[in-house]
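Remarks on the structure that follows.
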Amino acid sequence: MTQSSTQPAPRDAVPAGPGAPAEDGAYTAQFARTLGRFESFAVAFSFISITTGLFTTFGTVLGYGGPAGIWTWPIATAGTLLVALVYGMLASRIPLSGYSYQWASRLASPVLGWWFGWVSFTFLAIVVVAVDYGLAQVALFPLFGLEYTAMKGAGVTAIVLLLQMALIIWSTPIATKINNLAVAAEVVAMIGLTLLIAGAVIFFGKGEWGNLGSFGEIKSAGYFGFLGPFMLSALLGAFTLVGWESAANLAEETHNPKQVVPRAMIRAILISGVIGMLFLIVITVGMGGDLAGVTASSAPVAAVIESTVGHFMASAMLVVVSIAIFACGLIIMTSNSRLVHSMARDGRLPFSRALSQVPRSTGGPTWATVLCALTSVGIVAIFSKSETALADLLGAGTLMPAILYAGTVLLYIFTRRGYTPSEGDFRLGKWEIPVVVGAVVWLVVELSIFVIPSDFRAAQLYVLATVAVGAVVFAVVWTTRRAQLTRVPDLETPVLETPVLETPVMETTAGEGKP
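Residues in the sequence shown are numbered from 11 upward in steps of one, following the numbering used here.
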């Protein structure tokens, strides 16, 4: 059922809609705009989740490049910021759920847009698994003193995925409140913990400053000589500093998205970059002289925290980390559900009518969320017996966004000349060309890092497998829904500006309520 408010909504917002577009090609209102500046920032920051990324990937970085690998972090931060500035211009130009799917559909062709959507869906489906695996392995199991095994980790991950699914379907405001709480706790905890460890290192000598330049237990320099370990360590920033674009994916639920969303993405990256770098420095120094022992640990960050500031602080931090990682997974699945909903309402997926249903303006799209959750549970089943599941998932969760970012930046480059800025658009002015060139350089470097070495063959195979499955799904859509792949819905329709909780709802046609 198509739901909309009985009250007319303002024209400044962009539409959200049900199922396939109505006969006139337009969307009808379905979501309520409940996200302000902080909430939009919190969505981007929570997906990045520096605690998730650092707690999950620090051990992998120690294995690839040793403690010195942390210096790839500022490089990744700068490169990611340049990409986000390009995304900001597109997000302001077309503030719709589905982000790159909608951008490519409207700027190039619906067929290209479909493939952007498919790659985004498969990326989000696997990265939420990587995040929830990290929740089990580096947070929950150490917190409760349990021995980690592959099967136990898979079981906990599946349960967490289903819980996140239920919250998203139940209530967007409640999911938002959980996320806001997690973001506030994460910022306070990371800053506080950084200061405590720094104090332990400086005043009590619990650290070794030489670690900042050490390659630790690395036995071989790898490809490109001494640069090999350092370059492979870019996984640290490349895996962590992703997902900020989720703010653009929830643009239809954000007040004034043309200005709020670009700034939310940029602010999230800058704050994450600064806090993350400070934390990495103190945690690396705090490893002391036991590089081998910390490197061998299944939860090296937790081990360093316990050795420097004690068991109680380590346990308290693990509680905060658990909340932050859970919220990160929650936002990822939320973002994926909005992407599926966006494609389904355009009629570009099998079972589009069911996948586009949103029972309440303040709840999530039911079947779209179920599809996202079950897809991720299926991925968990595939990796359930693998002792290297987390490393393989991290690789895939890093390569796929790099491909998406590269494709989206190229999309902007090839379509920018045909665009006339409108009032309120986010623009870079004279800095546009240098920013775009810098983003391209960073993405070429990043893709080279994760394509050349054999360490990421599992990630590359996952990408190829998703393309093969996507080809089958696309063939079905092309055969049964070809008309939908040539139609681009109109944007000039009203949306819900505030939650509708008490006012009765009514069925409307797509054209009703237009100014």
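Beta carbons: idealized from backbone N, C-alpha and C, even for Gly. Values in this document were obtained by computation on a predicted structure and should not be read as measured data.
- Judged by DSSP in its simplified three-state form, Thr-159 adopts coil rather than helix or strand.
- If you draw a straight line from the Cα of Met-297 to the Cα of Ala-88, it comes to about 26 Å.
- Our two residues, Gln-174 and Ser-396, have alpha carbons roughly 24 Å apart in a direct line.
- Along the region 277-363, the beta strand (DSSP E) does not occur as any fully enclosed run of 3 or more residues.
- Minimum Cα-Cα distance from Thr-167 among the listed residues Val-331, Ala-140, Ile-184 corresponds to Ala-140.
- The alpha-carbon separation between Arg-103 and Met-241 amounts to approximately 35 Å.
- Counting C-beta pairs with one atom in each stretch, the region 246-259 and the region 318-328 have fewer than three that are closer than 8 Å, which means they do not touch.
- Following the DSSP letters along the chain, one finds Thr-430 in no alpha helix (DSSP H), marked with neither H nor E.
- Within the region 141-222, the runs of alpha helix (DSSP H) at least 4 residues long that lie entirely inside it are, in chain order, 160-180, 182-214.
- Secondary structure at Ala-42: strand, using DSSP grouped into helix, strand and coil.
- In summary, Arg-467 is exposed, with fewer than 16 beta-carbon neighbours lying within 10 Å of its beta-carbon over all protein chains present.
- The straight-line gap separating the alpha-carbon atoms of Gly-428 and Val-96 is approximately 16 Å.
- Contact between the region 415-423 and the region 446-454 is present: three or more C-beta pairs spanning the two stretches fall below 8 Å.
- With respect to the C-alpha of Gln-494, the residue from Ser-115, Ala-54, Ser-50, Leu-251 having the closest C-alpha is Ser-115.
- Taking 8 Å as the cut-off, the beta carbon of Ser-50 is found closer than this to the beta carbon of Thr-264.
- Between Leu-171 and Asp-465, the alpha-carbon positions lie close to 28 Å from each other.
- Here the region 196-206 makes contact with the region 59-70; the two share three or more CB pairs at distances below 8 Å.
- With a threshold of 16 other beta carbon atoms within 10 Å, Pro-431 falls short and is exposed.
- Using a C-beta cut-off of 8 Å, the region 175-185 makes contact with the region 331-348, since at least three inter-stretch Cβ pairs fall below that distance.
- Between Ser-332 and Leu-145, the C-beta gap is smaller than 8 Å, which places the two residues in contact.
- Within the model, the alpha-carbon separation for Val-473 versus Leu-403 is close to 11 Å.
- When Cβ pairs closer than 8 Å are counted between the two stretches, the region 122-142 is seen not to touch the region 297-312, the count staying below three.
- About 6 Å separates the Cβ atoms of Arg-358 and Val-487, confirming a contact at the 8 Å cut-off.
- A check of alpha carbon separations from Leu-91 across Leu-381, Thr-250, Val-461 identifies Thr-250 as the nearest.
- Between the alpha carbons of Leu-290 and Gly-75 lies a gap of roughly 14 Å.
- By the beta-carbon neighbour count (other beta carbons within 10 angstroms, threshold 16), Ser-458 is exposed.
- Ranked by how close their Cα comes to the Cα of Ile-184, the residues Ser-317, Glu-442, Gly-374, Met-161 have Gly-374 in first place.
- The beta-carbon distance between Val-319 and Val-211, rounded to whole angstroms, is 10 Å. This is too long to meet the 8 Å contact definition.
- Between Ser-107 and Phe-126 a beta carbon distance of about 13 Å is seen, past the 8 Å cut, so the two are scored as non-contacting.
- Distance between Cys-338 and Ser-307, taken at the CA atoms: about 24 Å.
- Taking 8 Å as the cut-off, the beta carbon of Gly-46 is found no closer than this to the beta carbon of Phe-436.
- Under DSSP, the beta-bridge partners assigned to Thr-264 are Leu-45.
- Within the same chain, Tyr-97, Tyr-109, Met-275 come within 7 Å of Glu-255 by CB-CB distance, once the 5 residues on both sides are set aside.
- The three-state secondary structure of Pro-105, taken from DSSP, is coil.
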